[in-house]
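All remarks here apply to the structure that follows.
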Amino acid sequence: MTTILLIGASRGIGFELASQFIADGWRVIATARSDEGLERLKALGAQTLRLDVANPASNSGLAWQLDGEKIDIAVYVAGAMDRNSASTPPTRDSFDAVMHTNVMGAMQVIPQIVPMVQETRGVIACISSIMGSQQETTSGNAALYRVSKAALNMVVRCTQAEQPDITVLAIHPGWVQTDMGGPTAPLTSEQSASSLRQTLSHVLEQRDPKHRGAFLNHDGSTLPW
Ligand SMILES: NC(=O)c1ccc[n+]([C@@H]2O[C@H](COP(=O)([O-])OP(=O)(O)OC[C@H]3O[C@@H](n4cnc5c(N)ncnc54)[C@H](OP(=O)(O)O)[C@@H]3O)[C@@H](O)[C@H]2O)c1
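Numbering (numbering that gives the first Met the number 0), first residue to last: 0 to 224.
Structural data, given as structure tokens:
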């Protein structure tokens with residue numbers, strides 16, 4: 000059975016990915032940091048693990064919890080937002096909250112799952128954002144979030160450079176109606192997850208070198224770094 004690991008799936012896009020991959024017959028291992036999140040995922044039929052990606056002690060136990068697994072697709076979904084513009088300096092607390100969740104967590108989690116994805120010559124996808132694209136940036140709003148997603152994109156490129164046998168990519172989910180995206184976003188979480196699911200399944204099936212180290216939109220088209 001094909002296995003997907005979803006890191007940070009208690010709600011929003013991650014939860015909807017869990018729901019859709021289970022409906023599609025995949026085995027889903029999903030992480031959450033709260034009891035409520037773990038219960039919601041269990042009720043869907045996911046195998047669950049507790050993980051707070053902003054906590055190094057929590058991250059350090061992940062490889063042990065996943066011992067012996069073979070993973071086809073791993074998706075780093077967890078993310079935190081800060082809406083201050085570039086003219087408002089971040090506090091240390093807001094910097095730590097966003098950078099620890101969006102960057103440090105990825106840098107601590109991904110090396111632990113690489114060996115399990117190597118077993119299948121599979122895919123590691125980081126949910127990034129077009130707001131992390133240097134080329135597309137014409138506004139300083141949510142500057143810290145933009146900085147964190149640009150850094151996450153570099154995590155993708157560095158990991159791919161060291162792991163040529165698997166596919167490591169960054170993917171933008173669209174602007175999505177979640178707690179983070181707000182109610183006026185054009186895509187529902189169902190629509191975004193459906194598009195992400197099709198693109199990631201296609202990337203896994205193809206194992207095409209062109210997807211290695213790529214920055215993709217949810218529909219599979221390429222985005223500028
Ligand atoms: N929505 C959009 O329009 C949009 C656009 C571009 C990119 N994205 C990206 O898509 C991803 C999912 O966002 P979303 O819209 O679904 O946001 P969301 O509804 O706010 O969900 C955020 C998810 O991240 C988890 N998370 C946050 N901090 C965590 C931590 N320290 N440890 C473990 N999990 C943690 C949350 O878990 P808790 O329930 O425990 O807080 C929740 O499951 C994020 O990376 C986001 O940056 C979203």
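Heads up, the beta-carbon is just placed ideally off N, CA and C, and yes, glycines get one too.
Nothing here was measured: the structure is a model prediction, and the numbers come from that model.
query: What residues match up with Val-116 in a beta bridge as DSSP calls it?
result: None, per the DSSP bridge assignment.
query: Within this structure, are the beta carbons of Val-52 and Ile-126 separated by less than 9 Å?
result: no
- request: Quickly, what does DSSP pair His-171 with across the bridge? List them, please.
  value: Asn-216
- request: Give a yes or no on whether the C-beta atoms belonging to Asp-218 and Ser-194 are separated by under 9 Å.
  value: yes
beta-carbon His-210 near ligand 1 non-hydrogen atom, thresh 8 Å: no
query: Among the residues of its own chain, which have a CB less than 8 Å from the CB of Asp-178, if the five just before and after it don't count?
result: Arg-10, Gly-11
query: Name the DSSP beta bridge partners of Tyr-75, please?
result: According to DSSP, Tyr-75 bridges with Ile-6, Cys-125.
message: Quick check on the burial criterion: 16 or more other C-beta atoms within 10 angstroms. Buried or exposed for Lys-41?
response: exposed
task: Taking the CB atoms as reference points, tell me whether Gly-131 and Ala-150 lie closer together than 9 Å.
output: yes
query: Using the beta-carbon count (16 or more within 10 Å), is Ser-18 buried or exposed?
result: buried
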